[in-house]
Amino acid sequence: MTGHTPAPVASAGSRVHRARDIGTLVVAFLASIIGGTGCDDAGGAADPSGTIVQSSSSTVSDTATTGGKSGTKTGFIRGKDGVMNWAGPLIGGHVKKPVKYPMDPPVGGRHHPTPLNCNGDVYTKPVRNENAVHSLEHGAVWVTYTSRAAKADIKVLAARVRRTPYSMMSPYGRQKQPIMLSAWGVQRAVKGAKDPNVAKFFEKYVQGEQTPEPGAPCTGGTME
Amino acid sequence: MMAMRVRSIAGIAAALLVAAGALTYAFVTVAGLSDRPETSSPDAGFARDMAVHHQQAVDMSYIIRDRTADKDVRFLAYDIAQTQANQRGMLLGWLDLWDLSKVSPDGPMAWMGMDAMHSAEEGSLMPGMATKVELKRLESLSGRKAENLFLQLMTAHHKGGVHMADSCARTCTVDAVKRLAQHMVNGQRSEIDVMRDMLTERGAKPRA
Numbered sequence: 095m096t097g098h099t100p101a102p103v104a105s106a107g108s109r110v111h112r113a114r115d116i117g118t119l120v121v122a123f124l125a126s127i128i129g130g131t132g133c134d135d136a137g138g139a140a141d142p143s144g145t146i147v148q149s150s151s152s153t154v155s156d157t158a159t160t161g162g163k164s165g166t167k168t169g170f171i172r173g174k175d176g177v178m179n180w181a182g183p184l185i186g187g188h189v190k191k192p193v194k195y196p197m198d199p200p201v202g203g204r205h206h207p208t209p210l211n212c213n214g215d216v217y218t219k220p221v222r223n224e225n226a227v228h229s230l231e232h233g234a235v236w237v238t239y240t241s242r243a244a245k246a247d248i249k250v251l252a253a254r255v256r257r258t259p260y261s262m263m264s265p266y267g268r269q270k271q272p273i274m275l276s277a278w279g280v281q282r283a284v285k286g287a288k289d290p291n292v293a294k295f296f297e298k299y300v301q302g303e304q305t306p307e308p309g310a311p312c313t314g315g316t317m318e
Numbered sequence: 027m028m029a030m031r032v033r034s035i036a037g038i039a040a041a042l043l044v045a046a047g048a049l050t051y052a053f054v055t056v057a058g059l060s061d062r063p064e065t066s067s068p069d070a071g072f073a074r075d076m077a078v079h080h081q082q083a084v085d086m087s088y089i090i091r092d093r094t095a096d097k098d099v100r101f102l103a104y105d106i107a108q109t110q111a112n113q114r115g116m117l118l119g120w121l122d123l124w125d126l127s128k129v130s131p132d133g134p135m136a137w138m139g140m141d142a143m144h145s146a147e148e149g150s151l152m153p154g155m156a157t158k159v160e161l162k163r164l165e166s167l168s169g170r171k172a173e174n175l176f177l178q179l180m181t182a183h184h185k186g187g188v189h190m191a192d193s194c195a196r197t198c199t200v201d202a203v204k205r206l207a208q209h210m211v212n213g214q215r216s217e218i219d220v221m222r223d224m225l226t227e228r229g230a231k232p233r234a
């Protein structure tokens, strides 16, 4: 889809943690054999553990990425996983004029009607922010680097992007860190191509839950 | 002695019962059966009806791409076709995973309860859907006239889609379904604004 306005989105619930629940159930099962106590133990053991799992994981809050909060405060908040979450409103919508974004690289806001192609596309020249932000809205991860990034790192990151639809890469002179990863509402710096946070970021945010418009394309847009 | 043995047998039996219960619970959770919606649920109804609703948006988008060379309209149509085809795949995939039929035994819109009161117009299946006559007309036009009719039809289509998705966002129970429904509401509302601007640029406006 081509635009986005903020509204509350149902948060990920217990089903997301089903795999962990299974582990809990196995433990509960073993405990029930050893303990030989009442049936309530299985449920009782599963529930508090599920709660702990949810509260201990520093998930991206949907309100932060869609502007569902009051909107008076803006700025990045660092999550427990080191990912910076944009806390202010990120209002979508289309404009053909240049947009001044409050962060570098931008992680959301108004944008050009045409997205930058993000089908594993590696750009060697800087791209227009307004097009790239539209791609983030479609669920893309954007890898950006400055002249301080090592050539070898750029090469490895480009290879990762080329094999990852819904990702894109371009040089970005104004950013503070040599290599940065962005998606809609989130951003982080990484030390290099081999930093394990690269894989983690891709896994979580390529067409991740932060995506305002799931299913929208990374093709058919602009290539410059 | 005897009493103790009876008590320990009872204890073992109780432990086995608990184990069997835990195993069953684990199996149901692993298989995902515990959160499989009923066939008459809003989740299933939404998945079925929105898959049909989306399909027409994809069709209309293909038609307009054949009827105009206008870059903006062609890209909008591309975006709608891609997005709604992908979302349609999600909706149908859920029905497959839930082992539910693709057609409702109760007919379209039954899952919406009172929300279904604003029902479809004469000759169209669901709210906002174009009639066959309207689609034929779109196929017969070209250039600016086709663009304007497309933007008007798609605006009405989105309004109907937002109405349905909003109902699911409020009444569906599966997290992923509610989430997608809310994304549809946000995205399509925003697209309605985009299309209103495009109609204005072309000296037209949305239908009343």
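In the order they appear, the protein sequences are chains X and Z.
The numbering used here applies: residue 95 is where the first sequence begins, and numbers increase by one.
The numbering used here applies: residue 27 is where the second sequence begins, and numbers increase by one.
Quick reminder that beta carbons are idealized off the backbone N, C-alpha and C, glycines included.
Give the DSSP-derived three-state secondary structure of residue i in the structure shown.
{"i": "residue 214 of chain X", "result": "strand"}
{"i": "residue 185 of chain X", "result": "coil"}
{"i": "residue 290 of chain X", "result": "helix"}
{"i": "residue 222 of chain Z", "result": "helix"}
{"i": "residue 94 of chain X", "result": "Any question about residue 94 of chain X goes unanswered here, given that chain X covers just 95 to 318."}
{"i": "residue 281 of chain X", "result": "strand"}
{"i": "residue 135 of chain Z", "result": "coil"}
{"i": "residue 151 of chain X", "result": "Because residue 151 of chain X sits at a pLDDT of 31, beneath the cut-off of 50, its placement in the model cannot be relied upon, and the point is left open."}
{"i": "residue 276 of chain X", "result": "strand"}
{"i": "residue 67 of chain Z", "result": "coil"}
{"i": "residue 261 of chain X", "result": "strand"}
{"i": "residue 35 of chain X", "result": "Given a span of 95 to 318 for chain X in the structure shown, any question on residue 35 of chain X remains unanswerable."}
{"i": "residue 115 of chain X", "result": "Low per-residue confidence applies at residue 115 of chain X: pLDDT is 46, beneath 50, and the placement is therefore not dependable, though the value from the model is reported in the following sentence. Note: residue 115 of chain X maps to helix in three-state DSSP."}
{"i": "residue 205 of chain X", "result": "strand"}
{"i": "residue 58 of chain Z", "result": "The predicted position of residue 58 of chain Z is uncertain, since its pLDDT is 49 and thus under 50; a value taken from the coordinates is nonetheless stated next. Residue 58 of chain Z: coil per DSSP, three-state reduction."}
{"i": "residue 197 of chain Z", "result": "helix"}
{"i": "residue 172 of chain X", "result": "strand"}
{"i": "residue 203 of chain Z", "result": "helix"}
{"i": "residue 195 of chain X", "result": "coil"}
{"i": "residue 94 of chain Z", "result": "coil"}
{"i": "residue 120 of chain Z", "result": "helix"}
{"i": "residue 78 of chain Z", "result": "helix"}
{"i": "residue 237 of chain X", "result": "strand"}
Can you pull the chain Z neighbours of residue i, defined as C-beta to C-beta under 7 Å?
{"i": "residue 318 of chain X", "result": "Ordered by position in chain Z, no residue passes the 7 Å Cβ test against residue 318 of chain X, which lies about 15 Å from the chain."}
{"i": "residue 267 of chain X", "result": "The contacting residues do not exist; residue 267 of chain X stays about 29 Å from chain Z at best."}
Since residue i contacts residue j with CB under 8 Å, what's their CB separation in whole angstroms?
{"i": "residue 120 of chain Z", "j": "residue 203 of chain Z", "result": "7 Å"}
{"i": "residue 247 of chain Z", "j": "residue 156 of chain Z", "result": "Given that chain Z is displayed from residue 27 to residue 234, the structure contains no residue 247 of chain Z and the question cannot be resolved."}
{"i": "residue 113 of chain Z", "j": "residue 309 of chain X", "result": "4 Å"}
{"i": "residue 118 of chain Z", "j": "residue 77 of chain Z", "result": "5 Å"}
{"i": "residue 177 of chain Z", "j": "residue 210 of chain Z", "result": "19 Å between Cβ atoms; not a contact."}
{"i": "residue 210 of chain X", "j": "residue 316 of chain X", "result": "6 Å"}
{"i": "residue 92 of chain X", "j": "residue 237 of chain X", "result": "Outside the shown range of chain X, which is 95 to 318, sits residue 92 of chain X, and nothing can be said about it."}
{"i": "residue 128 of chain Z", "j": "residue 74 of chain Z", "result": "6 Å"}
{"i": "residue 154 of chain Z", "j": "residue 183 of chain Z", "result": "4 Å"}
{"i": "residue 201 of chain X", "j": "residue 260 of chain X", "result": "Going by Cβ atoms, the distance from residue 201 of chain X to residue 260 of chain X rounds to 15 Å, so no, they are not a contact pair."}
{"i": "residue 198 of chain Z", "j": "residue 72 of chain Z", "result": "6 Å"}
{"i": "residue 291 of chain X", "j": "residue 203 of chain X", "result": "Wrong, their Cβ atoms sit about 24 Å apart, outside the cutoff."}
{"i": "residue 311 of chain X", "j": "residue 98 of chain Z", "result": "With 8 Å as the limit, residue 311 of chain X and residue 98 of chain Z do not qualify as a contact, their Cβ atoms being about 16 Å apart."}
{"i": "residue 110 of chain Z", "j": "residue 70 of chain Z", "result": "With 8 Å as the limit, residue 110 of chain Z and residue 70 of chain Z do not qualify as a contact, their Cβ atoms being about 19 Å apart."}
{"i": "residue 190 of chain X", "j": "residue 207 of chain X", "result": "7 Å"}
{"i": "residue 295 of chain X", "j": "residue 235 of chain X", "result": "7 Å"}
{"i": "residue 175 of chain Z", "j": "residue 164 of chain Z", "result": "5 Å"}
{"i": "residue 186 of chain X", "j": "residue 216 of chain Z", "result": "6 Å"}
Residues of chain Z with CB under 9 Å from residue i, in chain order?
{"i": "residue 259 of chain X", "result": "Within 9 Å Cβ-Cβ: nothing; residue 259 of chain X doesn't reach chain Z, min ~12 Å."}
{"i": "residue 311 of chain X", "result": "104, 105, 107, 108, 109 and 112"}
{"i": "residue 169 of chain X", "result": "Those do not exist, as residue 169 of chain X stays about 23 Å from chain Z at its closest Cβ, beyond 9 Å."}
Who are the neighbours of residue i on chain X, taking C-beta pairs under 9 Å?
{"i": "residue 67 of chain Z", "result": "Those within 9 Å of residue 67 of chain Z in chain X number zero; the least Cβ separation is about 15 Å."}
{"i": "residue 193 of chain Z", "result": "The premise fails here: residue 193 of chain Z is roughly 14 Å from chain X at the closest Cβ pair, so nothing lies under 9 Å."}
{"i": "residue 166 of chain Z", "result": "None at all; the shortest Cβ gap to chain X is about 26 Å."}
{"i": "residue 71 of chain Z", "result": "Ordered by position in chain X, no residue passes the 9 Å Cβ test against residue 71 of chain Z, which lies about 17 Å from the chain."}
Going along chain Z, which residues have a C-beta under 8 Å from residue i?
{"i": "residue 207 of chain X", "result": "98, 101, 102 and 220"}
Name the chain X residues that come within less than 7 Å of residue i, Cβ to Cβ?
{"i": "residue 174 of chain Z", "result": "By Cβ distance, chain X contributes nothing, its closest Cβ being about 18 Å from residue 174 of chain Z, past 7 Å."}
{"i": "residue 169 of chain Z", "result": "Going along chain X, no residue has its Cβ under 7 Å from residue 169 of chain Z, so there is no contact; the nearest lies around 20 Å."}
Name the chain X residues that come within less than 8 Å of residue i, Cβ to Cβ?
{"i": "residue 22 of chain Z", "result": "There is simply no residue 22 of chain Z to check, as chain Z begins at 27 and stops at 234 in what is shown."}
{"i": "residue 154 of chain Z", "result": "Chain X residues near residue 154 of chain Z: none, gap ~16 Å exceeds 8 Å."}
With a threshold of 7 Å, establish whether the CB of residue i neighbours any heavy atom of the ligand FMN.
{"i": "residue 221 of chain Z", "result": "Of the ligands one can find in the structure shown there are none, so the ligand FMN has no counterpart to examine."}
Review point. Which of the residues in the region 80 to 104 of chain Z, read from start to end, lie with their CB under 8 Å from any CB of chain X?
Key: 98, 101, 102 and 104
Check your understanding: Per the contact definition of three or more C-beta pairs closer than 8 Å, is the region 213 to 232 of chain X in contact with the region 272 to 281 of chain X?
Key -> yes
**Study point:** Cβ pair count under 8 Å reaching 3, the region 299 to 308 of chain X against the region 228 to 240 of chain X
**Key:** Output reads yes: the region 228 to 240 of chain X touches the region 299 to 308 of chain X.
Practice item. Could you run through the region 174 to 203 of chain X and flag, in chain order, every residue whose CB is less than 7 Å away from some CB of chain Z? Key: 186, 187 and 188
Practice item. Report yes or no: do three or more beta-carbon pairs, one from the region 203 to 222 of chain X and one from the region 258 to 265 of chain X, lie closer than 8 Å? Key: yes
Practice item. Using a Cβ-Cβ cut-off of less than 7 Å, list which residues of the region 210 to 242 of chain X approach chain Z; keep chain order. Key: none
Practice item. Check distances from the C-beta atoms of the region 109 to 134 of chain Z to those of chain X and list, in chain order, the residues that come in under 9 Å. Key: The region 109 to 134 of chain Z vs chain X, Cβ under 9 Å: 109, 110, 111, 112, 113, 114, 115 and 116.
Review point. Is the region 168 to 185 of chain X touching the region 196 to 206 of chain X, taking contact as three or more C-beta pairs under 8 Å?
Key: Three or more beta-carbon pairs separated by less than 8 Å link the region 168 to 185 of chain X to the region 196 to 206 of chain X, which places the two stretches in contact.
Point to revise | Residues of the region 275 to 308 of chain X with Cβ closer than 9 Å to any Cβ of chain Z, in chain order | key: Interface annotation for the region 275 to 308 of chain X against chain Z: 303, 305, 306, 307 and 308, criterion Cβ-Cβ distance under 9 Å.
Practice item. Select from the region 176 to 190 of chain Z all residues with a C-beta closer than 7 Å to any C-beta belonging to chain X, and list them in chain order. Key: Cβ contacts with chain X: none found.
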